[in-house]
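Asker: Quick one: the structure is below, questions incoming.
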Amino acid sequence: MENYPQTLAELKRRFATEHACAQYLCQLRWPGGFVCPRCRGTRAWTTKRGLSTCTACEYQLSVKAGTIFERSRLPLTMWFRAIWWVTSQKKGASAKGLQRILGLGSYETAWTWLHKLRRAMVQAGRDRLAGTIEVDETYMGGEKRTDRGHGAQAKALVLIAAQTDGKRIGRIRLRRVADASARSLQPAITEAVEPGSVLRTDGWEGYVGLDKGGYVHEITRERADVGENLLPCCDRVASGLKRWLLDAHQRAVSHEHLDYYLDEYTFRFNHRTTRSGGKLFYRLIQQAVTAEPVPYSALVKHARGPKTKKRPIWR
Ligand SMILES: [Zn+2]
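Here my numbering = 1-based position in the sequence shown + 1.
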């Protein structure tokens with residue numbers, strides 16, 4: 002069941018304590034209920050510090066372990082406030098803005114938080130697009146695609162996959178690729194689109210052979226005349242993305258961090274029709290607690306229960 006605050010006032014009221022935040026995270030992280038990794042017990046209580054404690058064997062598990070909240074010294078109440086603010090910014094969130102809202106002493110903390118949240122914006126193991134998908138690549142920071150082959154090293158190449166029915170765009174996926182060769186493009190397409198889907202591309206050689214990968218491949222004409230859009234949906238996504246990067250981030254996006262911004266844009270685009278800010282807040286927190294599979298080491302590190310060396314925690 003989707004349960005989220007509707008307003009900022011409600012957020013502040015409901016999530017005024019660490020305990021309330023931790024309990025909310027537990028509900029989202031273990032929607033089927035708590036299962037103790039040691040004894041498989043299904044009953045637990047939450048300590049003030051946010052540790053879920055198995056009532057049977059007293060094994061303690063941090064709801065933050067293995068999530069973006071892990072190792073954060075600042076309280077969850079502040080994280081919740083940050084997530085509310087980030088999801089309510091239509092254009093995107095800046096580190097400066099976040100620093101101001103939270104009253105953080107350090108710009109670096111705000112910047113780090115934003116990047117952690119961006120990582121959570123694209124869910125691990127998310128489903129692939131299906132149906133009719135337009136696929137194209139676009140250079141970030143470049144002109145038109147005069148240089149699909151060589152001489153484009155300074156620019157970043159981004160693959161766009163846009164679900165479409167007619168002129169309307171459904172969901173998108175964005176992925177940075179090394180170059181426009183088949184070897185770079187086609188694995189990225191496989192990752193983004195379900196086999197059996199219809200792929201619409203132009204006649205670029207990097208797309209040749211997609212039909213052998215289980216797709217129905219439709220090729221629009223080889224070349225576009227000036228001013229003509231062969232792949233209108235991809236075109237709109239590409240120009241929207243570029244505008245957003247320039248407007249919201251003042252060209253401050255480095256190559257190194259481009260992937261995070263692509264994730265944020267994808268999240269915002271795919272939820273663009275979500276009217277309720279609370280719902281977006283809920284989605285992002287939900288993704289934040291499931292963003293990373295919990296590695297064994299992280300669980301063990303956070304275990305404070307009465308364990309001995311002889312007994313393996315996992316069986
Ligand atoms: Zn237990």
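We put the CB at the ideal spot given by N, CA and C, even for glycine.
Which residue comes first and which comes last in the beta strand (DSSP E) that contains E138?
Answerer: Segment T133 to M141, the beta strand (DSSP E) holding E138.
Asker: Would the beta-carbon of G104 be found less than 6 Å away from any heavy atom of ligand 1?
Answerer: Result no, Cβ not under 6 Å from ligand 1.
Asker: Quick one: what does DSSP say G171 is sitting in, helix, strand or coil?
Answerer: Note: G171 maps to strand in three-state DSSP.
Asker: Since T68 contacts V290 with CB under 8 Å, what's their CB separation in whole angstroms?
Answerer: 5 Å between Cβ atoms; contact.
Asker: Beta carbon of R39: closer than 6 Å to some heavy atom of ligand 1?
Answerer: Yes, since a heavy atom of ligand 1 falls inside the 6 Å radius drawn around the Cβ of R39.
Asker: Grab me the residues of D260's own chain with a C-beta within less than 7 Å of its C-beta, minus the 5 sequence neighbours each way, in chain order.
Answerer: R177, listed in sequence order.
Asker: Looking at the unbroken alpha helix (DSSP H) that takes in D264, where does it start and where does it end?
Answerer: D264 -> alpha helix (DSSP H) spans L259 to N271.
Asker: Let's test the definition: count the other Cβ atoms within 10 Å of the Cβ of R30 and tell me whether it reaches 16, buried, or not, exposed.
Answerer: With 16 or more Cβ atoms within 10 Å of its Cβ, R30 is classed as buried.
Asker: Taking C-beta to C-beta, are V64 and C27 nearer than 7 Å?
Answerer: Yes, these two residues count as a Cβ contact at 7 Å.
Asker: Are the CB atoms of L77 and E138 within a distance shorter than 7 Å?
Answerer: Contact: no.
Asker: By the DSSP assignment, the beta strand (DSSP E) with S89 in it spans what residues?
Answerer: Per DSSP, S89 belongs to no beta strand (DSSP E); it is in the alpha helix (DSSP H), L77 to S89.
Asker: To the nearest angstrom, how far is the alpha carbon of G143 from that of L285?
Answerer: Note on G143: pLDDT 48, under 50, position unreliable in the model; no value is reported.
Asker: Which runs of the alpha helix (DSSP H), 4 residues or longer, sit entirely within the segment 171-196?
Answerer: Counting whole runs of 4 or more residues, the segment 171-196 contains the alpha helix (DSSP H) stretches 183-193.
Asker: Return yes when the C-beta of C27 is under 6 Å from any heavy atom of ligand 1, and no when it is not.
Answerer: Flag unset: Cβ of C27 not near ligand 1.
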